[in-house]
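Let me begin by presenting the structure, written as structure tokens, before commenting on it.
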Amino acid sequence: MYKPLLQKWFMMNWVEIDTKQGLERVNRTKILMALRRHEGLSKGELCTLCNLSRPTVDRAVAAFLRGGLVEKDGYRESSGGRRSTLYQFNARAKYAVGIDLEIPRLNLVLSDLKGQPARAKSLTIPAPGRWWGRPHGG
1029 MYKPLLQKWF MMNWVEIDTK QGLERVNRTK ILMALRRHEG LSKGELCTLC
1079 NLSRPTVDRA VAAFLRGGLV EKDGYRESSG GRRSTLYQFN ARAKYAVGID
1129 LEIPRLNLVL SDLKGQPARA KSLTIPAPGR WWGRPHGG
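The number in the numbering used here is simply the position in the sequence shown, starting from 1, with 1028 added.
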């Protein structure tokens, strides 16, 4: 049975999408990447930047707000009519750990989702042959 595939160029690779969930995942990624690159975007601006419909953007932004990945960032000045709510990427929603082992140093870094270090620690590792207070191999 032939199942049509929707192919989209995304993030420098072809992504084949054959399910509604797959398309939704790609659309949400596009929105999140736009919010990472630009500070303070309205839903209308996200629709334009990502070439997506308003209901698609509304659902994605609502899910990101619930998950803490996006937060409200105030309002855009109005030239008449209702002011637009602005949204921004919340880089502090989750953290990543980086480990660099250059004996005798162990370097650890905790960074936010934009790659900015939040904490860093450097430790000295015991000399080879002396682990846990007794000679190695003995």
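All residues carry an ideal CB built from backbone N, CA and C; glycine is no exception.
*Exposure of Val-1125, with buried meaning 16 or more beta-carbon neighbours within 10 Å*: Position 97 of the sequence shown, counting from 1, holds the residue named residue 1125. Burial call: exposed.
_Element boundaries [beta strand (DSSP E), containing Leu-1114]_ = Locating residue 1114 in the sequence shown gives position 86, counting from the first residue. Taken as a continuous stretch (DSSP letters only), the beta strand (DSSP E) holding Leu-1114 covers 1113-1117.
*Which term fits Arg-1147, buried or exposed, when burial requires 16 or more other beta carbons within 10 angstroms of its beta carbon?*
As a working mapping, residue 1147 is identified with position 119 in the sequence shown. It counts as exposed.
_Local Cβ density within 10 Å of Ile-1131, reported as buried at 16 or more and exposed below that_ = The residue given as residue 1131 occupies position 103 in the sequence shown. Exposed, since its Cβ has fewer than 16 Cβ neighbours within 10 Å.
*asked:* In the DSSP output, what is Ile-1127 paired with across the bridge?
replied: Translated into the one-based positions of the sequence shown, residue 1127 becomes position 99. DSSP lists Leu-1136 as partners of Ile-1127.
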